[in-house]
Amino acid sequence: MGDETENTIYEIVNQIPVTEENREQVEEIKHAVRMKNYKRALLKINELNNERAIQKEEQEREKAEEIMEKTGIVVFPKELSDEHLENTYMGLLLENPKSISRYYFLHKECYFEDEKILNIYKSILFSEGAGYAPEIAKEGFNFSKDSEEVYRLKDKLKKDVKNKNYDREEIYTELKKLFVLRKAYITNPVKNIQDKIVEIRRYKLYKQMSVEEVASAVNQVTVTDKFKRTILNKNLTSFLEEGSNNLTSGLPLPFPILTQVFKGIRKGETMAYAMPSNSGKSRFAIELAAYTAFVNKKKVLIISNEMSEEKMKLCLITTIVNNPEIQKIHGQEISITENEILALQFKADDPKKVKVDEEGHILKEKDEKQKDFIKRLQKESTQFNKIIAVTDWISKEINNSIYFMNITDHTNDELKKVIMNYYYKEKIEYVFYDTLKTDTDNIGNAEEIKKTATILSNIAQNFEMFICSSLQLSETSTLPINLNINDLAVSRTVKEVLDTLCLIKQINRENLQDYEYSLKEVDETYYDLKKYDDPDVRYYACIVDKNRAGPKPKVLFRLNLAYNSWEELGYLRLKQTNNK
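Per numbering that gives the first Met the number 0, residue 0 is the first one in the sequence shown, and the count goes up by one each step.
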């Protein structure tokens with residue numbers, strides 16, 4: 000079986016044209032095959048094929064640009080080319096010229112690709128439908144040119160639509176949407192922006208979009224192109240190696256008690272959690288997003304103005320590697336800290352064969368190249384290979400990807416466009432926003448944050464989405480178990496538009512003996528909070544301050560910061576006097 004697999008992969012590799020640019024990658028693939036690492040070889044082949052597809056697309060673009068430069072004729076990419084749609088629209092107009100009174104295009108928004116079809120459109124404006132076309136529709140157009148060929152084409156277009164059950168309104172709308180994209184494509188001669196404009200027509204819900212929503216999507220990829228975007232779980236392996244009915248039962252959270260009291264995370268609702276600065280708001284967002292994506296198998300979007308893409312990726316790897324529920328899915332039982340992952344500190348299978356530090360991590364040789372060190376880790380550390388198996392698995396989980404956008408300064412309108420663009424493009428219905436702040440037009444005005452929260456609530460309700468935001472909690476002397484809405488750093492009126500709100504704060508190590516927890520809300524058995532020497536192990540009180548679904552318990556979390564491991568222990572309370 001192994002030999003057959005090896006031969007098959009070699010056959011695939013031999014079909015790849017070797018160039019100076021890809022020679023090293025091809026050798027890497029062959030090396031992986033020799034090491035019997037077929038999974039990695041196939042992954043590298045897929046990456047190489049993707050690069051070749053991009054190069055081919057670039058060559059086609061350059062050819063199209065050359066034609067435009069020489070002839071003045073606009074050549075649109077195939078996604079923006081639709082001969083059938085243009086012909087159907089024109090056939091319907093010829094069949095009923097009176098309809099030009101309603102279904103016309105102004106000169107500034109008219110972008111027919113076929114010059115012959117444009118010529119017939121002019122003919123309808125000034126001949127067949129001249130008495131019905133509004134004067135505004137004729138402005139900017141010159142007269143058409145008639146010939147025997149034009150008459151034959153008109154006759155053919157009418158025959159093609161005769162006795163067909165076409166919806167004029169739908170055809171007109173689809174063509175108008177296409178014209179919006181074509182105009183944007185021509186007026187934005189920047190490759191990365193043009194690529195995003197073309198991509199809009201491939202959005203999963205494009206057919207459901209209105210003309211205005213298509214225009215808004217165009218605006219999002221042009222005006223707000225300043226925002227950095229990426230698929231957060233893409234290329235994690237290379238990132239590591241380079242060192243460089245919803246109301247009754249929503250999706251479960253990674254916390255059983257909160258899942259029960261909130262009835263899960265439900266589309267159409269907004270949730271918020273508030274924590275003090277540097278307490279782990281972004282890490283908590285990653286915990287929730289990773290569980291939603293990989294356990295509940297949903298695409299999610301993380302919008303962050305707090306943590307960079309690189310830090311998010313590292314935290315994502317740490318979370319997915321160590322989370323017990325996600326381990327059941329990727330199949331790798333492993334426990335490793337975030338710092339160990341970042342520093343590529345992996346345990347040796349046999350510490351006697353290689354140089355290791357006091358904790359058994361394989362040491363990098365002096366002047367050893369990163370690439371050579373990685374190869375050595377592959378040979379000497381099962382722990383490293385398990386991590387790579389996880390990151391390879393993550394990268395292929397396309398159907399439940401974690402999309403990421405880092406935005407710093409933005410308006411409410413830009414925030415809305417970002418969310419709606421990903422909704423239409425990828426049908427993303429679960430959004431995590433870290434951290435909810437006032438927009439750039441209202442910096443310093445805490446009351447304005449309610450307006451932003453209201454916009455998010457309206458999006459969630461109108462489009463059946465779940466949106467979870469983090470908020471800033473003030474640094475006050477309030478005991479964690481006594482937190483209330485007055486401890487918010489922002490306007491407390493924001494609570495009015497939220498469906499659920501949790502206030503979360505760390506319990507000081509010096510006060511751990513004052514607390515206890517139970518496994519049931521009403522129980523006879525209570526447990527002390529064990530004190531750990533490891534400073535990364537912390538306890539947090541989670542106070543459910545608002546819950547439209549009902550109960551508002553006080554819950555205890557234990558966080559191990561090094562593993563981004565959040566564990567819900569039970570119901571928290573202060574020790575009762577008669578129990579001491």
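All C-beta atoms, glycine included, are put in the ideal place defined by N, C-alpha and C. If you're wondering where the values come from, they're calculated on a predicted model, not measured in any experiment.
Query: Between the CA atoms of E474 and V260 - distance to the nearest angstrom; Result: 28 Å
Query: At least three beta-carbon pairs within less than 8 Å, the stretch 321 to 340 to the stretch 384 to 398; Result: yes
Query: Endpoints, alpha helix (DSSP H) assigned at I316; Result: 308 to 321
Query: N-terminal and C-terminal residue of the beta strand (DSSP E) that R537 is part of; Result: 536 to 546
Query: Cutoff 6 Å; reference R306; Cβ partners in own chain excluding five residues on either side; Result: Looking at the sequence itself, residue 306 is Met, so the reference to Arg does not match. Contacts found: S281.
Query: Residues bridged to D527 [DSSP beta-bridge criterion]; Result: E515
Query: At least three beta-carbon pairs within less than 8 Å, the stretch 356 to 366 to the stretch 268 to 283; Result: no
Query: With 16 other Cβ atoms within 10 Å as the buried cut-off, status of F142; Result: exposed
Query: Environment of L177 [buried if 16+ CB atoms lie within 10 Å]; Result: buried
Query: Whole-angstrom distance between R200 and T7, CA atom to CA atom; Result: 37 Å
Query: Neighbour-count burial assignment, Y342, 16 or more Cβ in a 10 Å radius; Result: The question names Tyr, yet the displayed sequence has Ala at residue 342. Counting Cβ neighbours within 10 Å, A342 comes out exposed, since fewer than 16 surround it.
Query: Residues of its chain near E127, where Cβ-Cβ distance is below 6 Å and the 5 sequence neighbours each way are ignored; Result: P96
Query: Residue from E428, K415, S456, K137 whose Cα sits closest to the Cα of D438; Result: K415
Query: Cβ contact check for the stretch 85 to 101 and the stretch 150 to 162: 3 or more pairs under 8 Å; Result: yes
Query: Euclidean distance between Cα positions of N578 and A540; Result: The predicted model places N578 with a pLDDT of 48, which falls under 50 and marks its position as unreliable; any figure quoted below should be read in that light. One C-alpha to the other measures close to 21 Å.
Query: Coarse secondary structure for N559, derived from DSSP in three states; Result: strand
Query: One or two residues paired with V355 in a DSSP bridge; Result: I361
Query: Cross-strand partners of I466 (DSSP beta bridge); Result: T269, V430
Query: Beta-bridge partners of G569, as assigned by DSSP; Result: L555
Query: E297 to L500 span [Cα, whole Å]; Result: Strictly speaking, residue 297 in this sequence is Lys, with Glu absent from that position. K297 and L500: Cα-Cα distance of roughly 23 Å.
Query: Close-in-space but distant-in-sequence residues of the same chain around A132 (CB under 7 Å, 5 per side omitted); Result: I99, S100, Y103, L124
Query: Three-state class that DSSP yields for I264 in the structure shown; Result: strand
Query: Contact belief for L315 with L252 at Cβ below 8 Å, rounded distance in angstroms; Result: Contact flag wrong, Cβ pair sits at about 18 Å.
Query: Distance between E19 and M270 (C-alpha atoms, nearest Å); Result: 52 Å
Query: Where T18 sits in the DSSP three-state scheme; Result: coil
Query: Contact check, K426 vs K137, beta carbons under 8 Å; Result: no
Query: Beta carbon of I480 nearer than 8 Å to that of D544; Result: no
Query: Integer Cβ distance of D348 from T317, believed to fall under 8 Å; Result: Going by Cβ atoms, the distance from D348 to T317 rounds to 22 Å, so no, they are not a contact pair.
Query: Buried/exposed call for Y570, threshold 16 Cβ in 10 Å; Result: buried
Query: Those runs of the beta strand (DSSP E) which lie wholly inside the stretch 164 to 233 and span at least 3 residues; Result: 227 to 230
Query: Alpha-carbon to alpha-carbon, G549 and S564; Result: 27 Å
Query: Whole-Å CB distance - L528 paired with L511, under 8 Å assumed; Result: 4 Å
Query: Rounded C-alpha distance that separates K43 from E78; Result: 28 Å
Query: Reduced DSSP secondary structure (H/G/I, E/B, other) of L93; Result: helix
Query: Test item: CB-CB of S334 and T236 under 8 Å; Result: no
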